[in-house]
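Structure first, commentary second.
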Amino acid sequence: MEKYREIYQDIQARLLEGEFEQGKLLPSDHKLMQNYGVARETVRKAMKQLAEDGYVQRLRGKGTIAIDQRQFHFPLSEITSYTELVQSEALSSQNQLVEFEDGWLPKLYGESEPVAVKRVVRLRKVDGEIDIIDYDYVLQSVAPQLTAEAAQQSLFKYFEQDLGLEIDYAIKTLTVELADADDRRYMQIPAYAPVVVVRSKTYLKDSAVVSYTESRHRADRFSSVIFAKRH
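Under the UniProt record's numbering, the first residue of the sequence shown is numbered 1, with each subsequent residue one higher.
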């Protein structure tokens, strides 16, 4: 393993364990050079990667500070349930179901005809604080027997394991919007604060739509990393 990767992994582990307080300076590059017995360029490469991955922030002329590690790494380029994300990131998280009722798909999704749905609203608590509000609109024609208990646990688990459906792909859009009344009430954020909104339309193998989702995230807790390649 390259030396800069070893330094990266060591500092990453120390950050995740809370050794470096959020907003406080880490040891200087010169100090890290001495501690690890490497050249300045090796330290800079490790710190640059930590900054790109959202663990630290490099401040010109001041040094490097630790970033709040309670950010939620949301995979825009994948279809992953919230339960799967919590398990993969080893988060302390709870679901709170606040609405479960029959309704109609909001017009913002652009469907020309009314679509009967089950409206499911869940709060996602991470480390005891509500960071995400999920609004799911599950098509009544696809999952007419959906229960509140199943919605409380995992919609994807219900679709795939209980109904035997095959989820194939989703189309997602991301916007940054001002917090609405429910954002402010549930996530305890001030008026005019920004929230990251991810709206998605999830399809089955036969190209039928199974659900629409609006996921609203506290902007200061949201992070997404996407691999992009120049052709």
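Cβ atoms here follow ideal geometry from the backbone N, Cα and C, with glycine treated the same way.
All of these numbers come straight from a predicted model, not from anything done at the bench.
- Task: Taking 8 Å as the cut-off, decide whether the C-beta atoms of Gly63 and Leu32 are in contact.
- Result: Against the sequence shown, residue 63 aligns to sequence position 63. Against the sequence shown, residue 32 aligns to sequence position 32. Taking 8 Å as the cut-off, the Cβ atoms of Gly63 and Leu32 do not count as close.
- Message: Going by DSSP, what residue range makes up the beta strand (DSSP E) through Tyr203?
- Response: Working through the sequence shown from its first residue, we reach residue 203 at position 203. 194 to 204 is the span of the beta strand (DSSP E), which, as asked, contains Tyr203.
- Query: For Arg58, which residues does DSSP report across the bridge?
  - Reply: For the purposes of this step, residue 58 is identified with residue 58 of the sequence shown, where counting begins at 1. Answer by DSSP bridge pairing, in chain order: Thr64.
- Residue from His217, Thr42, His30, Val142 with nearest C-alpha to Leu204: Reading the sequence shown from its first residue, position 204 is the one you call residue 204. It is Val142.
- Task: Could you name each continuous alpha helix (DSSP H) segment of 4 residues or more that falls completely within the region 100 to 145, going from the start of the chain to the end?
- Result: none
- Run of the beta strand (DSSP E) containing Ala168, from where it starts to where it stops: In the sequence shown, counting from the first residue as 1, residue 168 sits at position 168. For the record, residue 168 in the displayed sequence is Asp; it is not Ala. 167 to 178 is the extent of the beta strand (DSSP E) around Asp168.
- Nearest to Arg122 (by Cα), restricted to the options Gln57, Val115, Pro114, Asp131: Sequence index remark: in the sequence shown, residue 122 carries index 122 (1-based). Nearest option by C-alpha distance: Asp131.
- Query: Out of Asn95, Ala116, Arg5, which has the shortest C-alpha to C-alpha gap to Tyr212?
  - Reply: Reading the sequence shown from its first residue, position 212 is the one you call residue 212. Checking every option, the nearest Cα to that of Tyr212 belongs to Ala116.
- Going by C-alpha distance, which of Ala39, Ala179, Asp29 is nearest Leu59? Within the sequence shown, residue 59 is the residue found at index 59, counting from 1. For Leu59, the closest of Ala39, Ala179, Asp29 by C-alpha to C-alpha distance is Asp29.
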